[in-house]
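Down below is the structure, laid out as structure tokens.
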Amino acid sequence: MRLCHISDTHFGSGSHFNRQVFVDSMLGITKEHFDVVIHTGDVTDDGRLEHFREAKKHFDELGLPLVVIPGNHDARSGGIAIFEEYLGPANGVKVIGDALIIHINSATPDNDDGRVGMVKFNLIKEALSSYPHLPIKIVAIHHHVIPIPKAGRERNILSNAGDLLDLFLRNDVDLVLSGHRHYPNVYKVESTVLVNAGTLSGRKTRYGDVNSYNLVEIEEEQVIVETRRIDGSREQKRYPRRCQSFFHDFGRRELRLVHMSNTMITEGRVFLKKAFDSAVNTINSLDADLAIHCGGIVYEGIPEDYNLAKRKMAKIKVPVLYTPAGRDTNYLGFHLFTQSFGPVTQQFANEWVHVQGLASFQYDTTIGIIGETERNTFFSKMRSVASAFRVMFLHHNITPVPHARERGLLEDSGDLLRRAVDEGIDLVLTGTSSHPNAMQVENTVIVNANSLSCIYQRSLFGNSFNLIDIYEHCLVVSEINSLWGARRIVGMWGRAQRES
Amino acid sequence: MSNSVPNIYDIDMPVRAFVTKRLIGIDSKKSVQDAAKLMVQFDISSLVAMEGEKVVGFLTDADIKRKVVAQGLPTSTTVDQVMESHLITIDIGTRVRDVLGVMSEKNIKHLLVEDRGVITGIVTFRDLIDIERHKLETYISRE
Numbered sequence: 270m271r272l273c274h275i276s277d278t279h280f281g282s283g284s285h286f287n288r289q290v291f292v293d294s295m296l297g298i299t300k301e302h303f304d305v306v307i308h309t310g311d312v313t314d315d316g317r318l319e320h321f322r323e324a325k326k327h328f329d330e331l332g333l334p335l336v337v338i339p340g341n342h343d344a345r346s347g348g349i350a351i352f353e354e355y356l357g358p359a360n361g362v363k364v365i366g367d368a369l370i371i372h373i374n375s376a377t378p379d380n381d382d383g384r385v386g387m388v389k390f391n392l393i394k395e396a397l398s399s400y401p402h403l404p405i406k407i408v409a410i411h412h413h414v415i416p417i418p419k420a421g422r423e424r425n426i427l428s429n430a431g432d433l434l435d436l437f438l439r440n441d442v443d444l445v446l447s448g449h450r451h452y453p454n455v456y457k458v459e460s461t462v463l464v465n466a467g468t469l470s471g472r473k474t475r476y477g478d479v480n481s482y483n484l485v486e487i488e489e490e491q492v493i494v495e496t497r498r499i500d501g502s503r504e505q506k507r508y509p510r511r512c513q514s515f516f517h518d519f520g521r522r523e524l525r526l527v528h529m530s531n532t533m534i535t536e537g538r539v540f541l542k543k544a545f546d547s548a549v550n551t552i553n554s555l556d557a558d559l560a561i562h563c564g565g566i567v568y569e570g571i572p573e574d575y576n577l578a579k580r581k582m583a584k585i586k587v588p589v590l591y592t593p594a595g596r597d598t599n600y601l602g603f604h605l606f607t608q609s610f611g612p613v614t615q616q617f618a619n620e621w622v623h624v625q626g627l628a629s630f631q632y633d634t635t636i637g638i639i640g641e642t643e644r645n646t647f648f649s650k651m652r653s654v655a656s657a658f659r660v661m662f663l664h665h666n667i668t669p670v671p672h673a674r675e676r677g678l679l680e681d682s683g684d685l686l687r688r689a690v691d692e693g694i695d696l697v698l699t700g701t702s703s704h705p706n707a708m709q710v711e712n713t714v715i716v717n718a719n720s721l722s723c724i725y726q727r728s729l730f731g732n733s734f735n736l737i738d739i740y741e742h743c744l745v746v747s748e749i750n751s752l753w754g755a756r757r758i759v760g761m762w763g764r765a766q767r768e769s
Numbered sequence: 177m178s179n180s181v182p183n184i185y186d187i188d189m190p191v192r193a194f195v196t197k198r199l200i201g202i203d204s205k206k207s208v209q210d211a212a213k214l215m216v217q218f219d220i221s222s223l224v225a226m227e228g229e230k231v232v233g234f235l236t237d238a239d240i241k242r243k244v245v246a247q248g249l250p251t252s253t254t255v256d257q258v259m260e261s262h263l264i265t266i267d268i269g270t271r272v273r274d275v276l277g278v279m280s281e282k283n284i285k286h287l288l289v290e291d292r293g294v295i296t297g298i299v300t301f302r303d304l305i306d307i308e309r310h311k312l313e314t315y316i317s318r319e
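Note that the protein sequences, when read in sequence, are chains A and B.
For reference, each letter of the first sequence is one residue, going 270 to 769 in this note's numbering.
For reference, each letter of the second sequence is one residue, going 177 to 319 in this note's numbering.
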């Protein structure tokens, strides 16, 4: 299967649409063989009839099978109805060759945010169920499900991105194609390749980049993604389609980490004292090297909660590193945190590992931010310890969490994720939204912790914390139930061997 | 089969979404004591027996109980002496309804899963019980 992925053409009469670039790009595309062309939305700049008409005329000239979905710009001016009249159903399923292509409209009228509601979520589920023997599964959706770098304020993703990503990963979707952010980006998450396209012909490119489109080839054992820019440059990435399935040679255990979050210690009913005390007993029996608390230590940043938290956390016999959540710093919390638990950025290092905290909290809000200056300082420091196994921890999640609306995400998660992956950070620990979740993005394993002892938690396994064992040859993440100590493996990944 | 299945199951879904795609294996020449230690270490009830990178058998905690301890065999007994080497596999696209059928017919609770002809995972009866939780996803997406 060889496909051409275009996006964000932005047909319009204003200065946003670059007609010459569109014509030149289409000329390049028509010279090659593709099984299908997939357009991931924002066909027009403002959803107007004449621009859909013009787009259709050009697309018809392609003479190739075409799948088009609307973007947020197409939903303006009541544009979805016109879109469907000229370009076909906004949602649907197509089988082209041996590939299943599910195309979903995530646009909401006159709103730049994306949403995939229950009916469309079920449509994807049913489509994935209905063609179990097709070897290639592709989903096209305008809004990206994983944060994109160089996109400025990066919180404008699908409200249920976590559930969608979980659905795609569980069903081994080979390829997820998106647009929206006008910046080309590729990640392999578990066995799914997520590809974002730049704008084909919009003038609003980012970070001095030029217009581009993607070429994707799905072969028996690998997926090849090539970004082709209008200036003639090409950037290619290749990914194996399969992930490592068997783990039998673990090697020696290098490090055992306890990873917890949202203890929410308080005298009130939200704090589950029994769950906390049982979890502490289990933690003390695990022979861990280090515990990391990813924030949400207290329910409120008030002296009563901090006094109790200090007494409670002191029962953990393993050294604990902390990073605050927004709620830990509310009211007097910032002062109380530093008095009780030390600086807001903490670290642990020995000859083998470097664990570094990153403060993402802001006063009086669940939304986090790192900022460019802090990010640069952080990665300079991590670069200076590049030979160590590098762990970064912060409160806010940088990949979407299932069963949670994306409201606590980091403002600049797109840049932080890209940087962590490109810098080869081995492990990222986060602690928002109280749902245990772990995935590998390229070679970086990203783990979110559930609430250890708060009534507000999202795991059907109950309140829990994570146990992370780093062996010579692999990394194993397990979730341990706070109350009963029962354990289940959340994920396992082979470790890339370092060059010495 | 379908009549006896409670309606909580999405029985017509392919089993793919419920397969554990990371398996812990053990060299088939190692002892059942090593196998038991590995099961305890990871709190799991089954292991894939391997020769190099090839899957040659399957060992459950019940096998150790039934074929080693109850028979009075030593803990040095090797995995390949007691493992199930007649591997029952299903394709990853098989519907849950049919997976339950195979489990019931063969009286087993674990099945190895093949994707494009290669063993890539395992599905257990317990995994299929967890299907109910997936209904939450769509409920939450109502927002």
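Here a beta-carbon is modelled for each residue, glycine too, at the ideal position from N, C-alpha and C.
query	result
Are the CB atoms of A/Ser-728 and A/Ser-751 within a distance shorter than 8 Å?	no
Alpha carbons only, please: which of B/Arg-292, B/Asp-303, B/Ile-298 is nearest the one belonging to A/Glu-490?	B/Arg-292
Any chance you could list the alpha helix (DSSP H) runs of at least 4 consecutive residues sitting entirely within the stretch 625-678 of chain A, in chain order?	641-652
Rounded to whole angstroms, what's the CA-CA distance from B/Val-245 to B/Ile-202? Just pull it up for me.	19 Å
Between which residues of its own chain and A/Glu-569 is the CB-CB distance below 8 Å, once the five residues before and five after are set aside?	Thr-535, Arg-596, Asn-599, Tyr-600, Gly-602
Counting beta carbon pairs with one atom in the stretch 455-465 of chain A and one in the stretch 491-510 of chain A, are three or more of them shorter than 8 Å?	yes
Would you give the residue range spanned by the alpha helix (DSSP H) that A/Phe-328 belongs to?	318-331
Look up B/Thr-300 in the DSSP assignment and give the residues it is bridged to.	B/His-286
Please report the straight-line C-alpha distance between B/Ala-225 and B/Glu-260, rounded to a whole angstrom.	9 Å
Shortest alpha-carbon distance to B/Arg-198 belongs to which of A/Gln-709, A/Ser-720, A/Phe-730, A/Asn-717?	A/Gln-709
Any chance you could list the alpha helix (DSSP H) runs of at least 4 consecutive residues sitting entirely within the stretch 245-284 of chain B, in chain order?	255-258, 272-282
State the start and end residues of the unbroken alpha helix (DSSP H) segment that holds B/Thr-236.	Run containing B/Thr-236: none in the alpha helix (DSSP H); it sits in the beta strand (DSSP E), 230-236.
Using DSSP with H/G/I as helix, E/B as strand and the rest coil, what is B/Ser-317?	At B/Ser-317 the pLDDT is 40, less than 50, meaning the model places this residue with poor confidence; the figure from the coordinates comes in the next sentence. Here B/Ser-317 sits in coil by DSSP.
So, using beta-carbon positions, are B/Val-255 and B/Ser-204 closer together than 8 Å?	yes
Cβ of A/Asn-440 less than 8 Å from any chain B Cβ?	yes
Can you give, in chain order, each stretch of the beta strand (DSSP E) that sits fully within the stretch 515-539 of chain A and has at least 3 residues?	522-529
Strictly under 8 Å for the Cβ-Cβ distance: is B/Gly-201 near chain A by that measure?	yes
May I have the straight-line CA-CA distance separating A/Asp-329 from A/His-308, to the nearest angstrom?	13 Å
To be precise: take each residue of the stretch 224-250 of chain B, compare its Cβ to all Cβ atoms of chain A, and keep it if any distance is under 8 Å. Which residues remain?	Val-224, Met-226, Glu-229, Val-231
For B/Met-325, would you say it is in contact with chain A, using Cβ-to-Cβ distances shorter than 8 Å as the test?	With chain B represented from 177 up to 319, any question about residue 325 of chain B goes unanswered, as that position is not in the structure.
Quick check on this structure: which residue in A/Asp-443, A/Val-364, A/Arg-497, A/Val-312 has the alpha carbon closest to the alpha carbon of A/Gly-471?	A/Val-312
So, are the CB atoms of B/Thr-253 and B/Ser-207 less than 8 Å apart?	yes
Among the candidates A/His-372, A/Leu-335, A/Phe-321, whose CA atom is the shortest distance from the CA of A/Ala-829?	Past the boundaries of the shown model lies residue 829 of chain A; chain A is included only from 270 to 769, so the question cannot be answered.
Under the three-state reduction of DSSP, which class applies to A/Phe-303: helix, strand or coil?	coil
On the CB-based measure, 16 or more other CB atoms within 10 Å of its CB, does A/Ile-552 come out buried or exposed?	buried
With DSSP as the reference, label A/Lys-363 as helix, strand or coil.	strand
Can you give me the start and stop residues for the beta strand (DSSP E) that B/Met-189 sits inside?	Segment: none, B/Met-189 is in no beta strand (DSSP E) and carries neither H nor E.
Would you mind sorting A/Gln-289 into buried or exposed? The rule is 16 or more other CB atoms within 10 Å of its CB.	exposed
Sort B/Thr-251, B/Pro-250, B/Ser-280, B/Leu-249 by Cα distance to B/Ile-264 and report the nearest one.	B/Ser-280
With 16 as the cutoff for other CB atoms within 10 Å, does A/Tyr-725 come out buried or exposed?	exposed
Measuring CB atoms only, is the stretch 437-448 of chain A touching the stretch 406-416 of chain A, in the sense that at least three cross pairs come out at less than 8 Å?	yes
Would A/Asp-304 pass as a contact of A/Ile-371 if the rule is Cβ separation under 8 Å?	no
Are the CB atoms of A/Thr-701 and A/His-742 nearer to each other than 8 Å?	no
Applying the 10 Å Cβ sphere with the 16-neighbour rule, what's the burial state of A/Ser-481?	buried
What is the DSSP secondary structure of A/Glu-573, counted as helix, strand or coil?	helix
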